[in-house]
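Chains as they are written, first to last, in our numbering: chain S, 48 to 254; chain R, 48 to 254; chain E, 48 to 254. Using N, Cα and C, we set each Cβ at its ideal position, and we do this for glycine too.
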Amino acid sequence: MNFIPILDYTSVLVFALSGALVASRQQLDLIGFAFVACLTAVGGGTIRDVLLNRDVVFWIDEPAYILLAVATSVIVFFTAHRLESRMKAIIWADAIALGVAVAAGSGVALKLGHSPIIVVLMGVATGSFGGLMRDVVCNEVPLILKQGELYASAAFAGSLALVMGDTLGVAPIYGYAACCILTLALRAGSIVFGWTLPSYKSRPPRS
Amino acid sequence: MNFIPILDYTSVLVFALSGALVASRQQLDLIGFAFVACLTAVGGGTIRDVLLNRDVVFWIDEPAYILLAVATSVIVFFTAHRLESRMKAIIWADAIALGVAVAAGSGVALKLGHSPIIVVLMGVATGSFGGLMRDVVCNEVPLILKQGELYASAAFAGSLALVMGDTLGVAPIYGYAACCILTLALRAGSIVFGWTLPSYKSRPPRS
Amino acid sequence: MNFIPILDYTSVLVFALSGALVASRQQLDLIGFAFVACLTAVGGGTIRDVLLNRDVVFWIDEPAYILLAVATSVIVFFTAHRLESRMKAIIWADAIALGVAVAAGSGVALKLGHSPIIVVLMGVATGSFGGLMRDVVCNEVPLILKQGELYASAAFAGSLALVMGDTLGVAPIYGYAACCILTLALRAGSIVFGWTLPSYKSRPPRS
């Protein structure tokens, strides 16, 4: 069974959600919502497909991806005011989408027979570039740059889990599940409990 | 007759104009003007060609596009001080280029036989990404994010007109013309008369 | 002899250095350092390979590039605090990487038989886009936009030297050397002595 389309659809849905919510902070109109939602939803996977030189970018021959992102943005446009905290919703939607997209990105690179380094890199890139484009275009501070939070690190760990599962001969479904869950768990632990890796701290030069 | 090159040349010229004018706000030197002008001029069409996996990006085998953008930037470098309002000139050059580039983007996708959704999306992307890159690189607030203005919406409507014209069997020249004129008219109406779609407004959460 | 890989490895190393140093200003964690270092290190060459439609992006089948960038970021993570001025180190690493990457970009386009205009453009793009992405993602003012400094101009001159050397039938090694040295010399002269081209200055409209 091919899990990649399931992962791609899920990440498109949840990234579109985060994109539309960011659009609501910019008070855009409905088409603006759809634009930011699509950019966020397919951005990471598009980078992956262009870098890996796949014949067709994943959403070009499957307009259903775009329809899904647009439908999500319409729903958000009419319901986002019911949320108590949009920022919280953005962070959590982004965290879930990150987990799923990392699995989708790593999975595609793995199937194409790339080396573990490229597989991990594609996982991190697919997971983070959609949100990165969303934040750069909308003038928000990219979530990936938030100090003292796991983000690229969570994606890295999740992707590594998938590669290790594959090396050990584990059935793909467990590998994908481990990747999604580990990425999300690390990200969630960072959001809720403040889990963090030591970040760079400059010290005064030695005298 | 193939209208795409005509549209591509026109949008390169007018986007280069807008790019060079933004460069003048940053007080760059002549090569800086040319750099921003080229980025703006070919940015949207390049994204289109990479996404649609065309054999060659449109300006690679036709250096005339780049020469046109560079020549435009040189002229702007020596004449921009004569303008009374550069910001006004930027907005209008961008609006005209948007109309033309939306037609060029939709047209290419249509000729390659893509579905209406992809055609519309390519129109919006080709029209907006050149200006978006210009604004992101130059630290300007992207025009596409300006609240209470039609931008992505104008591109969307224009592209839709082209798709509908094609479906109805209208001669291509009328479809392209309708697309350019409708996009520009909506954008112009938004700039001059404040035309707008309802934008998202957050309301207090229900008690 | 093929100098392109040597140039690519050198520019990856030095751009990774500049990227990791920018990451240190953002106080990211180790994986964040590696992310920004990789983005900066392979960004420009990736744009070049995608635009020229090369079969494989240069680092996809050669994970050594990524390993080099990651190793560099690890070293910077543990040693950057010893630097007296990080900003100075960033500017100089960026200047050296610019010189090398301009040669790598122009060289690839030249070998593929492109016209002089495209060769020069690929040189400038390969040299500047890695640093541009680094600065946009990290919310720094792009070095390429710094007023009164040679940057795109230095890249342009270096790339032009390589094209002219090729036209005159000079042995490639001298062309590459001239390109690296001229780009770096102009950039260095601009940093140290304030060399500059006349930049655009708006004057009051004539009465």
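Mind checking L215 of chain S: buried by the 16 CB within 10 Å criterion, or exposed?
exposed
Mind listing which residues of the stretch 73-93 of chain R have their C-beta closer than 8 Å to chain E's C-betas, in chain order?
Q73, Q74, L75, D76, L77, I78, G79, F80, A81, F82, C85 and T93
Just mark Q194 of chain R as buried or exposed, buried being the case when its beta carbon has 16 or more other beta carbons within 10 Å.
exposed
Quick one, which residues of the stretch 175-206 of chain E are near chain S if we go by CB-CB under 8 Å, in chain order?
V183, V184, C185 and N186
Give a yes or no on whether the minimum CB-CB distance between P110 of chain R and chain E is below 7 Å.
yes
What would DSSP say about D141 of chain R, mapped onto helix, strand or coil?
helix
Considering just the uninterrupted stretch of the alpha helix (DSSP H) at C185 of chain E, what are its terminal residues?
Premise fails: C185 of chain E is in no alpha helix (DSSP H) and is neither H nor E.
Below-7 Å beta-carbon distance, S65 of chain S vs any chain E residue
no
Interface residues of chain R around V97 of chain E at Cβ under 8 Å?
V97
For D246 of chain R, which of helix, strand or coil comes out of DSSP?
Note that residue 246 of chain R corresponds to Ser in the displayed sequence, not to Asp. In this structure, S246 of chain R counts as strand in the three-state DSSP scheme.
Does any CB atom of chain R fall closer than 7 Å to the CB of S71 of chain S?
yes
Using three-state DSSP, classify D76 of chain E as helix, strand or coil.
strand
Simplified DSSP assignment, three categories, for H161 of chain S:
coil
Using C-beta distances below 6 Å, list every residue in its chain close to V117 of chain E, excluding the 5 sequence neighbours before and after it, in chain order.
A81
Let me see if you follow: with CB-CB separation under 7 Å, is N49 of chain S close to chain E or not?
no
Based on Cα-Cα distance, which residue from E:A218, E:G241, E:Y223 and E:L192 lies nearest to L75 of chain R?
E:L192
Suppose contacts are defined by Cβ-Cβ distances below 7 Å. Is F62 of chain S in contact with A151 of chain S by that definition?
no
If the cut is a Cβ gap below 8 Å, which residues of chain S does D55 of chain E touch?
Those do not exist, as D55 of chain E stays about 16 Å from chain S at its closest Cβ, beyond 8 Å.
Who are the neighbours of A138 of chain R on chain S, taking C-beta pairs under 8 Å?
Per the sequence shown, residue 138 of chain R should be read as Ile rather than Ala. Going along chain S, no residue has its Cβ under 8 Å from I138 of chain R, so there is no contact; the nearest lies around 17 Å.
Round the Cβ separation of L233 of chain S and A204 of chain S to the nearest angstrom and send it over; I've been treating them as touching at under 8 Å.
6 Å
With distances taken between CB atoms, is the gap from S120 of chain E to A67 of chain E smaller than 7 Å?
yes
Would P245 of chain S be called buried (16 or more neighbouring beta carbons within 10 Å of its own) or exposed?
exposed
Option nearest G212 of chain R by Cα separation, candidates R:L197, R:L157, R:L179 and R:I165
R:L157
Checking 7 Å against the spacing of the C-beta atoms, do P163 of chain R and V210 of chain R come in under that value?
yes
Where L99 of chain E sits in the DSSP three-state scheme
coil
Residue from E:L86, E:T243 and E:A70 with nearest C-alpha to A255 of chain E
The first residue shown for chain E is 48 and the last is 254, placing residue 255 of chain E beyond what the model contains.
Simplified DSSP assignment, three categories, for A81 of chain S:
helix
Reference C185 of chain S; option with closest CA among S:N100, S:G79, S:L231 and S:F124:
S:G79
Over what stretch of residues does the alpha helix (DSSP H) that includes Y112 of chain R continue unbroken?
A111 to T126
Among E:A202, E:D102 and E:G236, which residue has its Cα nearest to the Cα of A225 of chain E?
E:A202
Which class does F105 of chain S belong to by DSSP, given the choice of helix, strand or coil?
coil
For M134 of chain E, does the count of other Cβ atoms within 10 angstroms reach 16, so buried, or fall short, so exposed?
exposed
Does F105 of chain E come within less than 7 Å of chain S when only Cβ atoms are used?
no
For V239 of chain S, three-class secondary structure by DSSP
helix
What span of residues does the alpha helix (DSSP H) with L209 of chain R cover, start to end?
A199 to T214
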